[in-house]
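Undergrad: Residue numbers (my numbering): 2 to 610. Ideal Cβ positions, reconstructed from N, Cα and C, are used throughout, including at glycine. Computed from a predicted model, the values in this text were never measured in an experiment. Below is a structure I'd like to ask you about.
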Amino acid sequence: MKHSLLVFGMIAASAIPCAAQTVVRIEAQPEQLQMRAGESADLVVVAFDQDGRAISTPLRISGARGALQFADGQVTALQAGDFEVFVSSIPADGEEPITLNVPVHVAWPAITNLRIHTADVRLFEGARVVHDVVATHADGSARPYPEISWSSSDETIATVDAFGNVRAIGTGAVTINAMSEGVTGVLSHTVEASPVRSLALTMGQERIRTGDVQSFLAIARDASGAIVENAPISWSYVYQPDDSIVAPSGPAQMLDGRMVADVPGVYTAVASTGGASAEFSFQVTPRNAVRRLEVVGQGTEDRIFTTDFWIWQGVDGRDYAMTGSKFGDGVSMVWDVTDPGNIFKTDSVFVDARTTNDIKVSPDGRYGAVSREGASNRRNGVVILDLADPGHPVVASTFEGNGVTGGVHNMFATNEYLFALAGGDKYVIIDVRDIYQPKFVSEYNHPNSRVHDIWVHDGLVYSAEWETGVVVVDVGNGKYGGSIENPVFVTSFPLTTGSTHAVFPYYQESTGRFLLIAGDERVQRQGLAWEGTGPDHRQQFDPLTGKGGYPRATSGYIQIVDFTDPMNPEQLARYEVSEFGTHNIWVEDDVLYQAYYEGGVGWLISLVI
Numbered sequence: 002m003k004h005s006l007l008v009f010g011m012i013a014a015s016a017i018p019c020a021a022q023t024v025v026r027i028e029a030q031p032e033q034l035q036m037r038a039g040e041s042a043d044l045v046v047v048a049f050d051q052d053g054r055a056i057s058t059p060l061r062i063s064g065a066r067g068a069l070q071f072a073d074g075q076v077t078a079l080q081a082g083d084f085e086v087f088v089s090s091i092p093a094d095g096e097e098p099i100t101l102n103v104p105v106h107v108a109w110p111a112i113t114n115l116r117i118h119t120a121d122v123r124l125f126e127g128a129r130v131v132h133d134v135v136a137t138h139a140d141g142s143a144r145p146y147p148e149i150s151w152s153s154s155d156e157t158i159a160t161v162d163a164f165g166n167v168r169a170i171g172t173g174a175v176t177i178n179a180m181s182e183g184v185t186g187v188l189s190h191t192v193e194a195s196p197v198r199s200l201a202l203t204m205g206q207e208r209i210r211t212g213d214v215q216s217f218l219a220i221a222r223d224a225s226g227a228i229v230e231n232a233p234i235s236w237s238y239v240y241q242p243d244d245s246i247v248a249p250s251g252p253a254q255m256l257d258g259r260m261v262a263d264v265p266g267v268y269t270a271v272a273s274t275g276g277a278s279a280e281f282s283f284q285v286t287p288r289n290a291v292r293r294l295e296v297v298g299q300g301t302e303d304r305i306f307t308t309d310f311w312i313w314q315g316v317d318g319r320d321y322a323m324t325g326s327k328f329g330d331g332v333s334m335v336w337d338v339t340d341p342g343n344i345f346k347t348d349s350v351f352v353d354a355r356t357t358n359d360i361k362v363s364p365d366g367r368y369g370a371v372s373r374e375g376a377s378n379r380r381n382g383v384v385i386l387d388l389a390d391p392g393h394p395v396v397a398s399t400f401e402g403n404g405v406t407g408g409v410h411n412m413f414a415t416n417e418y419l420f421a422l423a424g425g426d427k428y429v430i431i432d433v434r435d436i437y438q439p440k441f442v443s444e445y446n447h448p449n450s451r452v453h454d455i456w457v458h459d460g461l462v463y464s465a466e467w468e469t470g471v472v473v474v475d476v477g478n479g480k481y482g483g484s485i486e487n488p489v490f491v492t493s494f495p496l497t498t499g500s501t502h503a504v505f506p507y508y509q510e511s512t513g514r515f516l517l518i519a520g521d522e523r524v525q526r527q528g529l530a531w532e533g534t535g536p537d538h539r540q541q542f543d544p545l546t547g548k549g550g551y552p553r554a555t556s557g558y559i560q561i562v563d564f565t566d567p568m569n570p571e572q573l574a575r576y577e578v579s580e581f582g583t584h585n586i587w588v589e590d591d592v593l594y595q596a597y598y599e600g601g602v603g604w605l606i607s608l609v610i
């Protein structure tokens with residue numbers, strides 16, 4: 002999926018009204034762009050009819066997600082590389098679109114600052130400490146994966162390798178240098194003779210299962226038996242395969258004394274520092290946690306594609322589901338699912354839309370909301386349903402103001418307020434205490450960010466915002482000064498992939514932690530063994546050219562973040578099914594139900610971590 006914006010061809014005094022006009026050619030000025038990451042450049046796109054006249058007509062313009070953004074006639078470069086801006090007309094039914102690709106070459110701006118950082122530990126003779134570098138540009142943005150040259154001011158005291166590993170071999174003062182693009186960063190150390198005479202590993206268990214977290218505490222002591230504070234500890238492990246495993250690659254992961262084994266066998270955790278080391282061996286057995294899904298019922302609809310669904314308990318005590326439709330001419334289906342083995346349709350709701358993309362119902366079952374994309378009057382927005390008779394919803398009202406006319410892709414419903422995305426730029430908050438007269442309350446638009454999903458929990462809005470990651474806003478929590486009328490930014494947390502598509506907040510009763518589960522959406526497999534076979538999976542197969550009909554190629558992680566303290570979130574883990582990309586999420590009773598694009602819902606992941 003790409004960031005996209007529906008724009009109009011250049012409007013000039015001589016432009017021809019769009020009625021009865023057919024696009025035969027699209028031009029862009031300039032024809033190609035040379036930019037640096039962080040810069041914006043004007044791009045004028047003009048559509049022409051068969052007589053060569055500029056016409057005013059809707060066009061779709063998009064850039065590769067995470068690389069280019071297009072808005073208000075400008076292209077903004079987000080990262081270096083060679084990309085394209087894709088321009089397409091919106092054809093009538095049965096016609097092919099006219100397209101144009103605008104090449105964009107993006108270079109990085111110059112690095113202006115290098116900062117070396119390392120763990121808050123002392124450097125002892127005989128120990129190794131990892132050093133990292135953060136490289137930034139003049140605007141404060143970070144350079145990913147900079148090429149760094151490392152050096153030591155005195156290699157008789159400490160050496161440093163190409164990866165920033167500093168090994169102390171003597172005592173005294175030494176300076177570690179990092180250089181990139183003519184810019185140097187420095188960090189000074191005083192290497193001490195190691196006081197450590199013994200090292201012990203505690204807290205380990207001798208028998209665990211695959212996937213369990215094994216947490217070790219390394220305790221260093223000096224000759225008197227006193228604990229040595231801030232001793233630099235290096236961690237590693239040794240693996241002896243189980244009989245059923247032959248030379249697996251990467252059998253376990255280890256970070257700061259926490260270890261997770263992915264395959265069975267006997268493992269030995271090793272901790273070392275200057276002058277001492279310690280080991281702890283343990284056995285890992287198969288988890289045998291596979292659960293089988295049994296289909297007990299199905300509500301069948303073979304005429305249209307289903308987009309989204311929501312299940313709720315109606316005010317009459319029965320259970321219902323509502324499903325949206327993709328290119329279904331605005332139809333949504335209502336199902337009685339009280340008996341999962343006997344699902345039946347109770348009614349249909351028709352609205353003016355090409356697609357009813359998202360379905361939400363308030364927790365009390367009083368009202369529902371259907372989001373619209375592709376309305377005939379281009380006003381889109383949301384349709385609010387009266388669910389007093391839940392099997393037969395009635396349209397109560399529509400809300401089309403405050404930017405939601407650009408299309409509503411996702412929503413979140415509370416008993417009194419509806420949160421609706423507006424064209425991917427922001428979300429608006431709608432007062433639905435009177436569902437027949439919905440009212441605008443407020444909105445939140447995070448700077449230089451695009452939003453895809455929102456959930457509200459305990460007065461905080463958690464939004465999935467692509468490259469920005471997760472954004473948290475106070476709308477009545479009481480701790481950060483926000484209210485429903487005055488949303489206040491709390492914090493943001495960038496995720497490693499920069500493709501944050503879905504978010505699900507979850508309070509884990511068994512641990513007392515508040516977890517945030519975030520999913521990537523990466524409709525590409527760049528750099529993987531199978532990258533996909535075509536430029537766009539949405540192109541239908543053309544038997545004359547042999548092009549189109551490409552299978553969707555996706556990838557992406559589920560990422561789990563401890564948000565117990567929103568001001569100090571900690572990423573705990575991430576999980577990947579290498580063949581498929583993630584989509585929507587549900588969590589219940591410490592089990593994550595994850596939808597995968599081509600992989601269905603075949604994975605149920607325990608969140609006991």
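1) Between which two residues does the beta strand (DSSP E) holding E417 run?
2) On the DSSP bridge list, what partners appear for L69?
3) Does the count of Cβ pairs from the stretch 460 to 468 and the stretch 434 to 444 closer than 8 Å reach three?
4) Report the three-state DSSP secondary structure of G407 (helix, strand or coil).
5) Quick check: the stretch 568 to 575 against the stretch 490 to 503, are at least 3 beta-carbon pairs closer than 8 Å?
6) So what does M334 bridge to, in DSSP terms?
7) Taking only three categories from DSSP, how would you classify T100?
8) Going along the chain, which residues of its own chain have a beta-carbon closer than 7 Å to the beta-carbon of V338, five neighbours each way excluded?
9) How should G334 be labelled, buried or exposed, when 16 other C-beta atoms within 10 angstroms of its C-beta is the threshold for buried?
10) Alpha carbon to alpha carbon, how far is Q75 from F400? Give it in angstroms, no decimals.
11) At the level of alpha carbons, what is the spacing between P104 and Q595?
12) Assess, as a yes-or-no matter, whether the stretch 300 to 318 is touched by the stretch 272 to 281 under the definition of 3 or more beta carbon pairs within less than 8 Å.
13) H118 by DSSP, collapsed to three states: which one?
14) Would E466 pass as a contact of T512 if the rule is Cβ separation under 8 Å?
15) Does G173 come out as helix, strand or coil in the three-state DSSP assignment?
16) If we ignore side chains and look at the alpha-carbon of each, how far apart do S199 and R222 end up?
17) Closest by CA to S484, which one among E85, V602, I430 and Q527?
18) Are the CB atoms of L422 and V409 nearer to each other than 8 Å?
19) With a threshold of 7 Å on Cβ separation, who are the neighbours of D387 within its own chain once the five nearest residues in sequence on each side are excluded?
20) Identify, in the order they occur along the chain, each residue of the same chain with its Cβ nearer than 7 Å to the Cβ of E40, setting aside the five sequence neighbours on each side.
21) Among D426, A530 and P567, whose alpha-carbon lies nearest the alpha-carbon of F490?
22) Look at A68 and F84 and say whether their C-beta atoms are less than 8 Å apart.
23) Start and end of the beta strand (DSSP E) containing T565?
24) Indicate the three-state DSSP secondary structure (helix, strand or coil) for F281 in the structure shown.
25) Which of the three DSSP states, helix, strand or coil, is assigned to Y437?
26) Looking at V192: is its Cβ nearer than 8 Å to the Cβ of V175?
27) What does a CB cutoff of less than 6 Å around A169 pick up in its chain, not counting 5 residues either side in sequence?
28) Could you have a look at L618 and say whether DSSP puts it in helix, strand or coil?
29) In the DSSP assignment, what residue or residues form a beta bridge with R514?
30) For G141, which option in G165, A163, W109 and I149 has the closest C-alpha, if you only look at C-alpha atoms?
31) Would you list the one or two residues that DSSP bridges to M180?
32) When you compare each of S152, A48, L218 and S372 to V167 by their alpha carbons, which one comes out closest?
33) Inspect the beta-carbon positions of Q525 and G533 and report whether they are closer than 8 Å.
34) Distance, Cα to Cα, V330 vs A93?
35) Here's the rule: buried if 16 or more other CB atoms are within 10 angstroms of the residue's CB, otherwise exposed. What is E599?
36) Is the beta carbon of T357 closer than 8 Å to that of G315?
TA: Taking the geometry as given:
1) No beta strand (DSSP E) holds E417; DSSP gives it neither H nor E.
2) According to DSSP, L69 bridges with A78.
3) no
4) helix
5) Touching, yes.
6) Beta-bridge analysis with DSSP links M334 to T324 and S349.
7) The answer is strand: DSSP assigns T100 an E or B state.
8) I312, D320, Y321, A322 and I344, listed in sequence order.
9) The question names Gly, but residue 334 is Met in the sequence shown. Per the 10 Å Cβ criterion, buried.
10) 30 Å
11) Using only the alpha carbons, I get a separation of about 37 Å.
12) no
13) strand
14) Not a contact, by the Cβ cut-off of 8 Å.
15) strand
16) A straight-line Cα-Cα distance of about 5 Å links S199 and R222.
17) I430
18) yes
19) Y368, P394, V395, A397 and I436
20) A78
21) P567
22) The answer is yes: Cβ separation under 8 Å.
23) Careful: T565 lies outside any beta strand (DSSP E) and carries neither H nor E.
24) strand
25) coil
26) For V192 and V175, yes; Cβs fall inside 8 Å.
27) L124, E126, A128, A159 and V192
28) Since the first residue shown for the chain is 2 and the last is 610, residue 618 is missing from the structure and cannot be characterised.
29) Q509
30) W109
31) S150 and T185
32) When each option's Cα is compared against that of V167, the closest is S152.
33) yes
34) Note on residue identity: the sequence assigns Asp, not Val, to residue 330. Rounded to whole angstroms, D330 to A93 spans 15 Å at the Cα level.
35) With fewer than 16 other Cβ atoms within 10 Å, it is exposed.
36) Cβ distance not < 8 Å, so G315 and T357 don't count as in contact.
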